[in-house]
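S.K.: One structure, pasted below without further comment.
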């Protein structure tokens, strides 16, 4: 038997020269177009408050890994304080509060710093400086426009003009000169508040009907100790002021016409100081320090009764004697 042996050849697969060229081309193309981002541009500061601000920057399509966020306080030699990493596509960050040794506050100067990622060469940083409040703290002036309102027998309200430099609010005091109290501290109201209701007892001072006080405030901060203002408060006069419109509006003379006496009636008759009776020529016929006039000896005719209150204001009514 004749046997024919056939040799089988096995070939291992080897990359061809053209395959190597394609691989190198793809590698170079990928390296060329997957570039690291540049340093961020267009950094701006907005939405500034006394404790924070917002940093905004231009978008960068190459910042595929987002941005590292830092803060620096040069005056404290803080160095770069890392805060967080924001996602790709983010173009703003709100700085607020405390980051390790740095607390954002009114008057402070900081450097807001970001790094675009990836950053293999370590050169994709950018920063901008920000001073909260535009510079150093400016002390406020002494408060102006102090006024008193809403008086009751045991309370009153103090108001004053707003001051944007009073960034730490106002200290509130009360003084009762008659008992030598001195300045009695009550509380500190926050910035933006420009009214305070005085009521009750504070130290040795009790606010009560008929009392005399000095309402005193201090604008803050007050590095020079000269941002004080005060106003005298006479509870008796305040009661008169608040009740005066009621007095004049309810003033009545009766009976009218009359043949003998006329009386004055008002919800606030205690405010009456004097009555003056005059004829139509303005001649004074008689006066009275009580709310009643005797007209029995007065001729018939038209007369005027003028009511003078304890403020010196005069309200006049016409009457007829028969």
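In our numbering, the protein residues as written are -2 to 319. Built from N, CA and C at the ideal position, the CB exists for glycine as well.
Sorted by chain position, which residues of the same chain lie with C-beta nearer than 8 Å to residue 83's C-beta, five sequence neighbours on each side aside?
M.R.: Working through the chain shown from its first residue, we reach residue 83 at position 86. Residues of the same chain with a CB within less than 8 Å of the CB of residue 83, apart from the 5 flanking positions on each side, are 63, 64, 66, 90 in chain order.
S.K.: If I measure Cβ to Cβ from residue 336 and keep anything under 6 Å in the same chain, skipping five residues before and after, which residues do I get?
M.R.: Only positions -2 to 319 of the chain appear in the structure, and residue 336 is not among them; the question remains open.
S.K.: Under a three-way DSSP split, which group does residue 232 fall into?
M.R.: Indexing the chain shown from 1 puts residue 232 at position 235. In the structure shown, residue 232 sits in a helix (DSSP, three-state: H, G or I).
S.K.: If you check the beta carbons only, do residue 104 and residue 129 fall under 8 Å apart?
M.R.: Working through the chain shown from its first residue, we reach residue 104 at position 107. Working through the chain shown from its first residue, we reach residue 129 at position 132. The answer is yes: Cβ separation under 8 Å.
S.K.: Determine the burial state of residue 315: buried for a count of at least 16 other Cβ atoms within 10 Å of its Cβ, exposed for fewer.
M.R.: Here residue 315 corresponds to residue number 318 of the chain shown, with the count starting at 1. Residue environment analysis places residue 315 among the exposed positions, since fewer than 16 neighbouring C-beta atoms fall within 10 angstroms of its C-beta.
S.K.: Assuming residue 297 and residue 275 are in contact, meaning their beta carbons sit under 8 Å apart, how far apart are those beta carbons, in whole angstroms?
M.R.: Sequence index remark: in the chain shown, residue 297 carries index 300 (1-based). Sequence index remark: in the chain shown, residue 275 carries index 278 (1-based). 16 Å between Cβ atoms; not a contact.
S.K.: Considering only residues of the stretch 87 to 149, which uninterrupted beta strand (DSSP E) runs meet the minimum length of 3 residues and lie entirely inside it, listed in chain order?
M.R.: 89 to 93, 106 to 114, 122 to 128, 144 to 149
S.K.: Taking the beta carbon of residue 112 as the centre, do at least 16 other beta carbons fall within 10 Å, making it buried, or is it exposed?
M.R.: Mapped onto the chain shown, residue 112 falls at position 115. Buried, because 16 or more other Cβ atoms sit within 10 Å of the Cβ of residue 112.
S.K.: Just tell me which of 250, 190, 256 has its CA closest to the CA of residue 167.
M.R.: Here residue 167 refers to the residue found at position 170 when the chain shown is read from its first residue. Ranking 250, 190, 256 by CA distance to the CA of residue 167 puts 190 first.
S.K.: Fully enclosed by the stretch 137 to 211, which beta strand (DSSP E) runs are 3 residues long or longer?
M.R.: 144 to 149, 152 to 156, 167 to 172, 181 to 186, 192 to 196
S.K.: Applying the criterion that 16 or more other CB atoms from any shown protein chain within 10 Å of the CB defines a buried residue, is residue 182 buried or exposed?
M.R.: Numbered from 1 along the chain shown, position 185 holds the residue referred to as residue 182. It is exposed - the Cβ of residue 182 has fewer than 16 other Cβ atoms within 10 Å.
S.K.: Can the beta-carbon of residue 121 be found less than 8 Å from the beta-carbon of residue 49?
M.R.: By one-based count along the chain shown, residue 121 stands at place 124. By one-based count along the chain shown, residue 49 stands at place 52. No.
S.K.: Please confirm whether residue 116 and residue 57 have their CB atoms less than 8 Å apart.
M.R.: The residue labelled residue 116 in the question sits at position 119 within the chain shown. The residue labelled residue 57 in the question sits at position 60 within the chain shown. No, these two residues do not count as a Cβ contact at 8 Å.
S.K.: Can you tell me which of the three DSSP states residue 52 falls into?
M.R.: Indexing the chain shown from 1 puts residue 52 at position 55. It is a strand residue.
S.K.: Pair every Cβ in the stretch 160 to 178 with every Cβ in the stretch 202 to 221, then say whether three or more of these pairs are closer than 8 Å.
M.R.: Yes, since at least three Cβ pairs between the stretch 160 to 178 and the stretch 202 to 221 fall closer than 8 Å, the two stretches touch.
S.K.: Out of 187, 192, 137, point me to the one whose CA is closest to residue 146's CA.
M.R.: Counting from 1 along the chain shown, the entry for residue 146 is found at position 149. Looking at the Cα atoms, 192 is the closest of the given residues.
S.K.: DSSP three-state label for residue 7, please.
M.R.: Numbered from its first residue, the chain shown carries residue 7 at position 10. Low confidence applies here, because residue 7 scores a pLDDT of 45, under 50, leaving its location unreliable; read the following figure in that light. In this structure, DSSP gives residue 7 a state outside helix and strand, which the three-state scheme calls coil.
S.K.: Just reading off the beta strand (DSSP E) that residue 306 is part of, what are its end residues?
M.R.: In the chain shown, residue 306 corresponds to position 309, counting from 1. Where residue 306 is concerned, the enclosing beta strand (DSSP E) stretches over 298 to 306.
S.K.: Pull up the distance between the alpha-carbon of residue 27 and that of residue 61, whole angstroms please.
M.R.: Position 30 of the chain shown, counting from 1, holds the residue named residue 27. Position 64 of the chain shown, counting from 1, holds the residue named residue 61. Residue placement at residue 27 cannot be trusted, given a pLDDT of 48 that sits under 50; what the coordinates show is reported in the next sentence. Cα-Cα distance, rounded: 15 Å.
S.K.: When the Cα atoms are used, what is the spatial distance from residue 295 to residue 286?
M.R.: By 1-based counting over the chain shown, the position of residue 295 is 298. By 1-based counting over the chain shown, the position of residue 286 is 289. One C-alpha to the other measures close to 18 Å.
S.K.: DSSP puts residue 291 in a beta bridge; with which residues?
M.R.: Taking the first residue of the chain shown as 1, we reach residue 291 at position 294. Looking at the DSSP assignment, residue 291 forms a beta bridge with 258.
S.K.: Please state whether DSSP places residue 267 in a helix, a strand or coil.
M.R.: Along the chain shown, read from residue 1 onward, the residue named residue 267 stands at position 270. Helix.
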